[in-house]
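Here the sequence shown stands for residues 1 to 185, where the numbers follow my numbering.
Notes follow once the structure below has been shown.
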Amino acid sequence: MKLLHLFLVTATLLIFPVKFGTLAKAQAAPQRPAFEMPEWQPFCSAMGLFAIDMPGNPKINAETFSTQVIAHTYRSVLKNKDSYLLQYFDLDFRIGNNNSNNNIKITLNNAVDFFVVGKNAKLLQVRDISLGSYPGKEFEFQPLSPTEPVGVGQVFLVETRVYGLVATTSKPENAQKFLDSFRLF
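What follows is the structure, encoded as structure tokens:
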């Protein structure tokens with residue numbers, strides 16, 4: 001019975017030509033960027049009392065320096081080497097009333113230097129800014145590596161806490177998006 005069935009199927013295939021569809025023409029796959037930009041996500045820190053939008057999932061680290069200052073770091077480094085960093089640390093003193101404007105300027109300038117040196121870069125420009133009533137500085141820097149783009153950063157003094165934001169990216173609009181999304185709560 002099986003042999004008869006096999007014979008009939010073979011005969012049918014030989015008698016009736018089977019028409020196969022034409023070969024599909026090869027189509028180029030749609031071009032995708034060399035890397036996909038991770039989606040920007042809101043990130044909040046109850047301990048740091050801030051919120052910010054960052055691409056990807058930031059890595060969180062706390063490091064104690066020899067001065068007993070603990071720096072809390074939130075960093076996203078993307079495949080294309082763009083980096084976004086938010087770091088804060090608490091000062092162990094309150095800026096006093098005597099020469100307080102001068103002390104604030106010194107503290108903010110030292111914070112700018114700290115971030116520029118940390119990026120192994122040269123400071124290009126710096127200007128005064130604020131976040132509500134809190135004083136700050138915005139700065140541009142050029143990393144010493146010729147392959148890295150110009151970076152931008154901001155530092156703010158909020159009571160006894162210094163917040164620093166730094167973005168190194170070839171797309172200025174992404175750096176601005178990062179900086180503009182920072183908020184306190």
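Glycine residues also receive a C-beta, built at the ideal position from the N, C-alpha and C atoms.
Residue i vs residue j beta-carbon contact at 7 Å
i: TYR84; j: HIS72; result: no
i: VAL150; j: VAL112; result: no
i: MET186; j: PHE65; result: Given that the chain is displayed from residue 1 to residue 185, the structure contains no residue 186 and the question cannot be resolved.
Assigned exposure category for residue i - 16 Cβ within 10 Å defines buried
i: LEU13; result: Confidence is the limiting factor: at LEU13 the pLDDT is only 44, short of 50, which leaves the residue's position unreliable, though a coordinate-based value still follows. Exposed, by the Cβ-count rule.
i: PHE185; result: exposed
i: ILE52; result: buried
i: ASN102; result: exposed
i: GLY48; result: buried
i: THR169; result: buried
i: ALA121; result: buried
i: ALA46; result: exposed
i: LYS171; result: exposed
i: ASP82; result: buried
Cut-off 6 Å between Cβ atoms - residues of its own chain near residue i, not counting five sequence neighbours on either side
i: GLN125; result: GLU140
i: PHE115; result: GLY153, GLY164, VAL166
i: SER130; result: GLY136
i: ALA26; result: Any reading at ALA26 must be qualified, since the residue scores a pLDDT of 46, below 50, and its modelled position is unreliable; no value is offered.
i: ARG183; result: ALA51
i: PHE178; result: TYR84, ALA167
i: ALA175; result: VAL152, ALA167, THR169
Proximal residues to residue i (C-beta, below 8 Å), its chain only, five neighbours per side dropped
i: ALA62; result: ILE70, ALA71, HIS72, THR73
i: THR107; result: LEU91, ILE95, LEU157, VAL162
i: GLN200; result: Outside the modelled stretch of the chain, which goes from 1 to 185, sits residue 200, for which no answer is possible.
i: ASN110; result: none
i: LEU144; result: ASN120, ALA121, LYS122
i: GLY21; result: The pLDDT assigned to GLY21 is 43, lower than 50, so where the model puts this residue is not dependable, and the model offers no usable value.
Strand pairing of residue i, partner residues [DSSP]
i: GLU138; result: ARG127, GLN154
i: PHE50; result: SER45, LEU184
i: ASP90; result: ARG161
i: ASN61; result: THR73
i: LEU179; result: Answer is none; LEU179 lacks a bridge partner.
Chain-order list of residues whose beta-carbon lies under 7 Å from that of residue i (same chain, five-residue window excluded)
i: LEU23; result: Any reading at LEU23 is ruled out, since the residue's pLDDT is 47, under 50, leaving its predicted position unreliable.
i: LYS59; result: ARG75
Endpoints, alpha helix (DSSP H) assigned at residue i
i: GLY118; result: 100-118
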